[in-house]
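Undergrad: In my numbering, the protein residues as written are 146 to 531. Just so you know, even glycine gets a beta-carbon here, dropped at the ideal spot from N, CA and C. Let me begin by handing over the structure; questions about it come next.
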């Protein structure tokens, strides 16, 4: 069994399905009915529009069926008395043998659960290998909470593992300084600064375009002045953005100066290192002149964690930005907007309740762990070094 992502040659009904997940047997034929489910799920569901989501759905289904085939199990049959079903066996193997986190396992199980529900609708199975049980959620009340008769209860598949709410981890001012000084590579330091000071996701940083509107000399703009924040519009046609959702961010003036200097001087040298003379639209290039992959960025932070002696990830920089920004806006006497909504828009959250998790974090932190103002982050980078 093989799992591949289609290239631009996969065309169905006039549309190119590059990145579509394909589950193939050794003969190169699709694994059914898994492949048909993916077509129904992705092609007919307008909300599943991101190739990144396609890849996640495809991988979850591949992982399940690869386990089923490797162990000679029948996914259509319920478990014998006293024996687990194929789905239960897969869950227990993922937890006990592979050692995956409950969150990861549940994310994959939810895809397989949708497959089983689809299979039941299609008459491929007689019943579901799990029950739907009522659970109490801890979600924040929404705008229509006064007409919500569910009392926060939802139906959840019994196959799912219990999950603890993951606490948000941020870096202190001292940790930011230590991390920055432990990055000897200029490109790595600039990517670190960009994520920390604008709240970019790692994929947004990796695919940051080297083009006007994203990289320029701010001193040439008559409408800009030193020490101000520059409003930039992020367009999914130019870079990778989660859910292809445009948004705007505010970038420090001096950080834009650094990006422009990097583009003119350092990037050109790296671009010349590409063995095939390749040209790429991204600003940040590796020493070999190629764009950074997710694995490459993860490796950078793994090495950084060993150097500094504490755990640090790219996403922690995003959390740090949001937490300190929300804190500073709530304390500000000059900011006239709603801090929570402002941070929501900068982060690109679909729901303000997601942003509110940073509010709870601020309320639970001790005073010495929280910066007094966002400007302290900017001061760490004054002159190019903390």
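(1) Below 8 Å between beta carbons: does that hold for residue 437 and residue 341?
(2) I'd like to know whether the C-beta atoms of residue 488 and residue 471 end up nearer to each other than 8 Å.
(3) Please classify residue 382: does DSSP put it in a helix, a strand, or coil?
(4) Which term fits residue 293, buried or exposed, when burial requires 16 or more other beta carbons within 10 angstroms of its beta carbon?
(5) Below 8 Å, can you find three or more Cβ-Cβ pairs linking the stretch 376-386 to the stretch 352-365?
(6) What's the C-alpha gap between residue 195 and residue 388?
(7) Taking its Cβ as the centre, do 16 or more other Cβ atoms sit within 10 Å of residue 443, making it buried, or is it exposed?
(8) So the beta strand (DSSP E) residue 396 belongs to, where does it begin and stop?
(9) By DSSP, does residue 304 sit in helix, in strand, or in coil?
(10) With which residues is residue 148 paired in a DSSP beta bridge?
(11) Jot down the residue ranges of each uninterrupted alpha helix (DSSP H) in the stretch 195-247, minimum 4 residues, whole runs only, in chain order.
(12) Please look up how many angstroms separate the CB atoms of residue 412 and residue 428, rounded, as I've assumed it's under 8 Å.
(13) Under the rule that 16 or more other beta-carbon atoms within 10 Å means buried, what is residue 349, buried or exposed?
(14) Does the distance from the CB of residue 361 to the CB of residue 395 come in under 8 Å?
(15) Spell out a yes or no on whether the stretch 196-205 and the stretch 157-172 are touching, meaning 3 or more CB-CB pairs, one atom from each, closer than 8 Å.
(16) Could you compute how far the alpha carbon of residue 276 sits from the alpha carbon of residue 253?
(17) Might you give, ordered along the chain, the residues of its own chain that have their beta carbon closer than 7 Å to the beta carbon of residue 363, omitting 5 neighbours on each side?
(18) Can you check which of these residues, 237, 246, 239 and 305, is closest to residue 259 by C-alpha distance?
(19) Can you give the Cα-Cα distance for residue 328 and residue 339, rounded to whole angstroms?
(20) Cα separation between residue 440 and residue 459?
(21) For residue 493, which of 325, 464, 433 and 505 has the nearest alpha-carbon?
(22) List the endpoints of the continuous alpha helix (DSSP H) containing residue 441.
(23) Would you mind reading off the limits of the alpha helix (DSSP H) that contains residue 462?
(24) Give the DSSP-derived three-state secondary structure of residue 375 in the structure shown.
(25) The alpha helix (DSSP H) with residue 484 in it runs from where to where?
(26) Is DSSP giving residue 176 helix, strand or coil here?
(27) Output the distance between the C-alpha atoms of residue 435 and residue 477, rounded to the nearest integer angstrom.
(28) Restricting to Cα atoms, I'd like to know which of 462, 379 and 242 is closest to residue 320.
(29) For residue 495, which three-state DSSP category applies?
(30) Taking just the CA atoms, how far does residue 371 sit from residue 365?
(31) Cα separation between residue 273 and residue 247?
(32) Applying the criterion that 16 or more other CB atoms from any shown protein chain within 10 Å of the CB defines a buried residue, is residue 311 buried or exposed?
(33) Between which two residues does the alpha helix (DSSP H) harbouring residue 352 extend?
TA: Short version:
(1) The residue you call residue 437 lines up with position 292 of the chain shown. The residue you call residue 341 lines up with position 196 of the chain shown. No.
(2) Translated into the one-based positions of the chain shown, residue 488 becomes position 343. Translated into the one-based positions of the chain shown, residue 471 becomes position 326. By the CB criterion at 8 Å, residue 488 and residue 471 fall inside the cutoff.
(3) Residue 382 sits at position 237 when you count from the first residue of the chain shown. Coil, per DSSP.
(4) Within the chain shown, numbered from 1, the residue matching residue 293 stands at position 148. Annotation note: pLDDT 49 at residue 293 (below 50); position unreliable, no value reported.
(5) Three or more beta-carbon pairs drawn from the stretch 376-386 and the stretch 352-365 are found closer than 8 Å, and the two stretches are therefore classed as touching.
(6) Residue mapping note: residue 195 aligns to position 50 of the chain shown, counting from 1. Residue mapping note: residue 388 aligns to position 243 of the chain shown, counting from 1. Distance between the alpha carbons of residue 195 and residue 388: 6 Å.
(7) Translated into the one-based positions of the chain shown, residue 443 becomes position 298. Exposed, by the Cβ-count rule.
(8) Sequence index remark: in the chain shown, residue 396 carries index 251 (1-based). Counting along the chain, the beta strand (DSSP E) containing residue 396 begins and ends at 392-397.
(9) Position 159 of the chain shown, counted from the first residue, corresponds to residue 304. Coil.
(10) Position 3 of the chain shown, counted from the first residue, corresponds to residue 148. For residue 148, DSSP records a beta bridge to 168.
(11) As far as the stretch 195-247 is concerned, its whole alpha helix (DSSP H) runs of at least 4 residues are 196-215 and 231-241.
(12) Locating residue 412 in the chain shown gives position 267, counting from the first residue. Locating residue 428 in the chain shown gives position 283, counting from the first residue. Taking C-beta atoms under 8 Å as the contact rule, residue 412 and residue 428 qualify, at a distance of about 7 Å.
(13) Translated into positions along the chain shown, residue 349 becomes position 204. Looking at its Cβ environment, which holds 16 or more other Cβ atoms inside 10 Å, residue 349 is buried.
(14) In the chain shown, counting from the first residue as 1, residue 361 sits at position 216. In the chain shown, counting from the first residue as 1, residue 395 sits at position 250. No, the Cβ-Cβ distance between residue 361 and residue 395 is not below 8 Å.
(15) Contact between the stretch 196-205 and the stretch 157-172 is present: three or more C-beta pairs spanning the two stretches fall below 8 Å.
(16) Walking along the chain shown from the start, residue 276 turns up at place 131. Walking along the chain shown from the start, residue 253 turns up at place 108. Each residue's alpha carbon lies about 17 Å from the other.
(17) Numbered from 1 along the chain shown, position 218 holds the residue referred to as residue 363. Around residue 363: 369, 375, 398, 401 and 402.
(18) Residue numbering aside, residue 259 sits at position 114 when the chain shown is read from its first letter. With distances taken between Cα atoms, residue 259 lies closest to 305.
(19) Indexing the chain shown from 1 puts residue 328 at position 183. Indexing the chain shown from 1 puts residue 339 at position 194. So the two alpha carbons sit approximately 14 Å from each other.
(20) In the chain shown, counting from the first residue as 1, residue 440 sits at position 295. In the chain shown, counting from the first residue as 1, residue 459 sits at position 314. Rounded to whole angstroms, residue 440 to residue 459 spans 12 Å at the Cα level.
(21) Position 348 of the chain shown holds residue 493. Taking only the C-alpha atoms, the option nearest residue 493 is 464.
(22) The sequence position of residue 441 within the chain shown is 296, counting from 1. Here the alpha helix (DSSP H) through residue 441 covers 439-453.
(23) Here residue 462 refers to the residue found at position 317 of the chain shown. For residue 462, the uninterrupted alpha helix (DSSP H) run begins and ends at 459-476, by DSSP.
(24) If you number the chain shown from 1, residue 375 lands on position 230. Residue state for residue 375 is assigned as strand, using DSSP reduced to three classes.
(25) Reading the chain shown from its first residue, position 339 is the one you call residue 484. Segment 484-492, the alpha helix (DSSP H) holding residue 484.
(26) Sequence index remark: in the chain shown, residue 176 carries index 31 (1-based). In this structure, residue 176 counts as coil in the three-state DSSP scheme.
(27) Within the chain shown, numbered from 1, the residue matching residue 435 stands at position 290. Within the chain shown, numbered from 1, the residue matching residue 477 stands at position 332. Taking the straight line from one Cα to the other gives about 42 Å.
(28) Along the chain shown, read from residue 1 onward, the residue named residue 320 stands at position 175. Looking at 462, 379 and 242, the one whose alpha-carbon comes closest to that of residue 320 is 462.
(29) Locating residue 495 in the chain shown gives position 350, counting from the first residue. In the structure shown, the three-state DSSP call for residue 495 is coil.
(30) By 1-based counting over the chain shown, the position of residue 365 is 220. By 1-based counting over the chain shown, the position of residue 371 is 226. The straight-line gap from Cα to Cα measures roughly 11 Å.
(31) Taking the first residue of the chain shown as position 1, residue 273 is located at position 128. Taking the first residue of the chain shown as position 1, residue 247 is located at position 102. Cα-Cα distance, rounded: 22 Å.
(32) By one-based count along the chain shown, residue 311 stands at place 166. Residue 311 is exposed by the Cβ-count criterion.
(33) As a first step, residue 352 is located in the chain shown; it is residue number 207 there, counting from the start. Membership of residue 352 in any alpha helix (DSSP H) is not indicated, and neither H nor E is assigned to it by DSSP.
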